[in-house]
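Residue numbers for the sequence shown, in the working numbering: 1418 to 1782.
Heads up: the structure comes next, in structure tokens.
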Amino acid sequence: MTNLIVKNINIRAVNVPLDKPIIAHLGTFESWPYLCIDVHTNSNSIGRSYIGPYLLSQLGSISKCIEALSKFFLDKNIKPFDFFKEGFKKTALLGYQGVGLYALAALDIAFWDVYAKEANLPLAVLLGSDLKALDTYNSRGLWLIPLDKVEKEVNDLLDNGSFNALKVRIGRDILKEDINVIEKIKKIGGDNITIMSDFNCCYEYDTALKRMLALDDIGLYWFEEPINYRNFEDCAKLSARIKTPINIGENFHGPYDLIRSINANASTYIMPDLMRIGGVSGWLKAANIAEAYNLKFSTHLYPEVSAHLMHLTPTAHWLEWVDWANPILKDTGFKINNGKYHIPNIPGTGIEWNESNIEKYKVNV
Ligand SMILES: [Mg+2]
């Protein structure tokens, strides 16, 4: 692919309504903001990616950063791994984390997509794997909802893809209410259900320890982000005190955060986020680091592209499934059967746009 040249990069911003609002310690979200990238080349192939950088009010700043970074790649032969390295150098003076990294990740994913499309292979196959079914859990609900709504929600989530694993958000004011919700899920799901749990960073160390000790024998598969995500040292102390594995990583900003976390012995499991870890290129680096330390590696959001990368992740663990971006995506054949996620056997990552919905949810930034 010596002649696949970047000709134009187009960025669109959308704000997509969620069918189940997110009610978390971090806030309530009725919709989710995305930036959608199209990398046009000198061939018919177009590279596509989306990132969902959480804050609608910051889409403009990130979009500007992508635009500025794009200029360095115009009229160049696409070499995704080399581009990532160059992009990192170009944004280094902004810091290696935050807006610069998000912008680079958005471009990186689209560059890999078009690279795989031009090779006429699914991304996972281009990178050297067969296509495999992946263990996935349903993460699209069970926020901090009223207790009387839990039963219906659990049934919806289990049916919606024949799942046998799902995630519940915990850390309610009253411990008994957390216990009540978890017991309800166990009762409905039966003996074989796997329940991941997420505190969304809601506690300081002392309160986290107390709550986790109280829930340690209830049968949760993991505790996610009990305390502030930067506090690897206290997370390590919690890991040493608690039997239930702790999972962190959606807030690793680049592979170097993974190294810091490993050095601190912060958690048993990790779950990097495709955007924050640095797109496909950043992920591949993190996957190799995780293998060296035998750390089980799950995903955070972005199921479509993360699923390709789990094929290349030697310690691949669980794929987190959400459908928040589905309204802006064309159905290209991603499927869930019996709790397994299948990616379509088509060139690229499988991301294509539902243009009419992109138009419908478009926002000016
Ligand atoms: Mg989480």
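Just so you know, even glycine gets a beta-carbon here, dropped at the ideal spot from N, CA and C.
Closest Cα partner of Gly-1582 within the set Thr-1553, Phe-1714, Thr-1445: Locating residue 1582 in the sequence shown gives position 165, where the first residue counts as 1. First, the residue type needs correcting, since residue 1582 is Ala and not Gly in the sequence shown. Scanning Thr-1553, Phe-1714, Thr-1445 for the CA closest to the CA of Ala-1582 turns up Thr-1553.
Closer than 7 Å: Glu-1667 CB and nearest ligand 1 heavy atom: Position 250 of the sequence shown, counted from the first residue, corresponds to residue 1667. Under cutoff, so the answer is yes.
Alpha carbon to alpha carbon, how far is Arg-1628 from Thr-1749? Position 211 of the sequence shown, counting from 1, holds the residue named residue 1628. Position 332 of the sequence shown, counting from 1, holds the residue named residue 1749. Those two C-alpha atoms are separated by around 43 Å.
Among residues of its own chain, excluding the 5 on either side of Ile-1483, which ones have a beta-carbon nearer than 8 Å to its beta-carbon? For the purposes of this step, residue 1483 is taken as residue 66 along the sequence shown, with counting starting at 1. For Ile-1483, where only same-chain residues beyond five positions count, the Cβ hits under 8 Å are Ile-1426, Ile-1428, Leu-1452, Ile-1454, Ala-1520, Ala-1523, Leu-1524.
Taking just the CA atoms, how far does Ile-1679 sit from Asp-1608? Translated into the one-based positions of the sequence shown, residue 1608 becomes position 191. Translated into the one-based positions of the sequence shown, residue 1679 becomes position 262. Going by the C-alpha atoms only, they are around 33 Å apart.
Taking three-plus beta-carbon pairs below 8 Å as touching, is the region 1654-1670 in contact with the region 1683-1696? With the cut-off at 8 Å, the region 1654-1670 and the region 1683-1696 touch.
Under a three-way DSSP split, which group does Thr-1611 fall into? As a position in the sequence shown, residue 1611 is number 194, starting the count at 1. Note: Thr-1611 maps to strand in three-state DSSP.
Look up Arg-1658 in the DSSP assignment and give the residues it is bridged to. Against the sequence shown, residue 1658 aligns to sequence position 241. In the DSSP assignment, Arg-1658 is bridged to no other residue.
Take Leu-1637 as the anchor and find which of Tyr-1622, Glu-1721, Phe-1616, Ala-1653 has the nearest alpha-carbon. Numbered from its first residue, the sequence shown carries residue 1637 at position 220. Residue Phe-1616 holds the alpha-carbon nearest to the alpha-carbon of Leu-1637 among Tyr-1622, Glu-1721, Phe-1616, Ala-1653.
For Asn-1755, the nearest candidate out of Thr-1730, Phe-1714, Glu-1769, Leu-1575 (CA to CA): Working through the sequence shown from its first residue, we reach residue 1755 at position 338. Closest option to Asn-1755, Cα to Cα, is Leu-1575.
For Asp-1633, decide whether its Cβ has a neighbour in chain C, counting only Cβ atoms nearer than 8 Å. Although the question refers to chain C, the structure presented lacks it and comprises just one protein chain.
Does DSSP classify Asn-1705 as helix, strand or coil? Start at 1 with the first residue of the sequence shown, and residue 1705 comes out as number 288. The answer is helix: DSSP assigns Asn-1705 an H, G or I state.
Near ligand 2: Asn-1645 beta-carbon under 7 Å from a heavy atom: Ligand 2 is not among the ligands present in this structure, which contains only ligand 1.
For Ser-1460, I'd like the list of residues in its chain whose CB is within less than 7 Å of its CB, leaving aside the five on either flank, ordered along the chain. Against the sequence shown, residue 1460 aligns to sequence position 43. For Ser-1460, where only same-chain residues beyond five positions count, the Cβ hits under 7 Å are Leu-1421, Glu-1535.
Got a sec: does ligand 1 put a non-hydrogen atom nearer than 7 Å to the Cβ of Glu-1621? Residue numbering aside, residue 1621 sits at position 204 when the sequence shown is read from its first letter. Answer for Glu-1621: no, Cβ out of range of ligand 1.
Inter-residue Cα distance where the pair is Ile-1635 and Gly-1588: Locating residue 1635 in the sequence shown gives position 218, counting from the first residue. Locating residue 1588 in the sequence shown gives position 171, counting from the first residue. Distance between the alpha carbons of Ile-1635 and Gly-1588 is about 14 Å.
Exposed or buried, what is Arg-1586 when buried is set at 16 or more other beta-carbons lying within 10 Å of its beta-carbon? As a position in the sequence shown, residue 1586 is number 169, starting the count at 1. It is buried - the Cβ of Arg-1586 has at least 16 other Cβ atoms within 10 Å.
Could you check if Ile-1591 is buried or exposed, using at least 16 other CB atoms within 10 Å of its CB as the buried criterion? Against the sequence shown, residue 1591 aligns to sequence position 174. The C-beta of Ile-1591 has fewer than 16 other C-beta atoms within 10 Å across all chains shown, which makes the residue exposed.
Which term fits Lys-1584, buried or exposed, when burial requires 16 or more other beta carbons within 10 angstroms of its beta carbon? Start at 1 with the first residue of the sequence shown, and residue 1584 comes out as number 167. So Lys-1584 ends up on the buried side.
Can you pull the DSSP bridge partners for Trp-1735? The sequence position of residue 1735 within the sequence shown is 318, counting from 1. Trp-1735 pairs with nothing; no bridge assigned.
Cβ-based neighbour list, Glu-1769, same chain, cut-off 8 Å, excluding 5 preceding and 5 following: Taking the sequence shown and counting its residues from 1, one reaches residue 1769 at position 352. The answer, listed in chain order, is Arg-1465, Leu-1746, Lys-1747, Thr-1749.
Buried/exposed call for Asn-1648, threshold 16 Cβ in 10 Å: Counting from 1 along the sequence shown, the entry for residue 1648 is found at position 231. By the neighbour-count rule (16 or more Cβ atoms within 10 Å), Asn-1648 is buried.
Can Asp-1615 be considered in contact with ligand 1, in the sense that its beta carbon sits closer than 7 Å to one or more heavy atoms? Indexing the sequence shown from 1 puts residue 1615 at position 198. Because some heavy atom of ligand 1 lies under 7 Å away, the Cβ of Asp-1615 counts as near it: yes.
On the three-state DSSP scale, how would you describe Cys-1453? Position 36 of the sequence shown, counted from the start, is the residue given in the question as residue 1453. For Cys-1453, the three-state secondary structure derived from DSSP is strand.
Does Asn-1755 come out as helix, strand or coil in the three-state DSSP assignment? As a working note, residue 1755 is residue 338 in the sequence shown. Coil at Asn-1755, not helix or strand.
Member of Lys-1424, Pro-1434, Val-1423 whose CA lies at the smallest distance from the CA of Tyr-1778: Numbered from 1 along the sequence shown, position 361 holds the residue referred to as residue 1778. Of Lys-1424, Pro-1434, Val-1423, the smallest CA-CA separation from Tyr-1778 is found for Pro-1434.
Span separating the alpha-carbon of His-1374 from that of Tyr-1758: No answer is possible for residue 1374: the residues shown for the chain start at 1418 and end at 1782.
What are the start and end residues of the beta strand (DSSP E) that includes Asn-1668? Position 251 of the sequence shown, counted from the first residue, corresponds to residue 1668. Premise fails: Asn-1668 is in no beta strand (DSSP E) and is neither H nor E.
When you compare each of Gly-1767, Ala-1550, Ile-1694, Ile-1760 to Gly-1517 by their alpha carbons, which one comes out closest? As a first step, residue 1517 is located in the sequence shown; it is residue number 100 there, counting from the start. The candidate whose alpha carbon is nearest that of Gly-1517 is Ile-1694.
If you draw a straight line from the alpha carbon of Thr-1458 to that of Val-1542, how long is it in whole angstroms? In the sequence shown, the residue the question calls residue 1458 occupies position 41. In the sequence shown, the residue the question calls residue 1542 occupies position 125. The alpha-carbon atoms of Thr-1458 and Val-1542 are separated by roughly 22 Å.
Rounded to the nearest angstrom, how far is the Cβ of Ser-1480 from that of Val-1782, given a contact under 8 Å? Within the sequence shown, residue 1480 is the residue found at index 63, counting from 1. Within the sequence shown, residue 1782 is the residue found at index 365, counting from 1. Their Cβ separation, rounded to whole angstroms, is 5 Å, which keeps Ser-1480 and Val-1782 in contact under 8 Å.
My output table needs one value for Thr-1445: the three-state DSSP class, helix, strand or coil. Along the sequence shown, read from residue 1 onward, the residue named residue 1445 stands at position 28. Under the three-state reduction of DSSP, Thr-1445 is assigned to strand.
For the alpha helix (DSSP H) holding Ala-1536, just list the boundary residues, first then last. The residue given as residue 1536 occupies position 119 in the sequence shown. Taken as a continuous stretch (DSSP letters only), Ala-1536 belongs to no alpha helix (DSSP H), as it is neither H nor E.
How many angstroms separate the CA atom of Val-1531 from the CA atom of Phe-1500? Here the question's residue 1531 lines up with position 114 in the sequence shown. Here the question's residue 1500 lines up with position 83 in the sequence shown. CA-CA distance, Val-1531 to Phe-1500, rounds to 13 Å.
The beta strand (DSSP E) that contains Leu-1583, what's its start and end? By 1-based counting over the sequence shown, the position of residue 1583 is 166. Its beta strand (DSSP E) spans residues 1582-1586.
Can you give me the start and stop residues for the beta strand (DSSP E) that Tyr-1467 sits inside? As a working mapping, residue 1467 is identified with position 50 in the sequence shown. Per DSSP, Tyr-1467 belongs to the beta strand (DSSP E) from 1463-1468.
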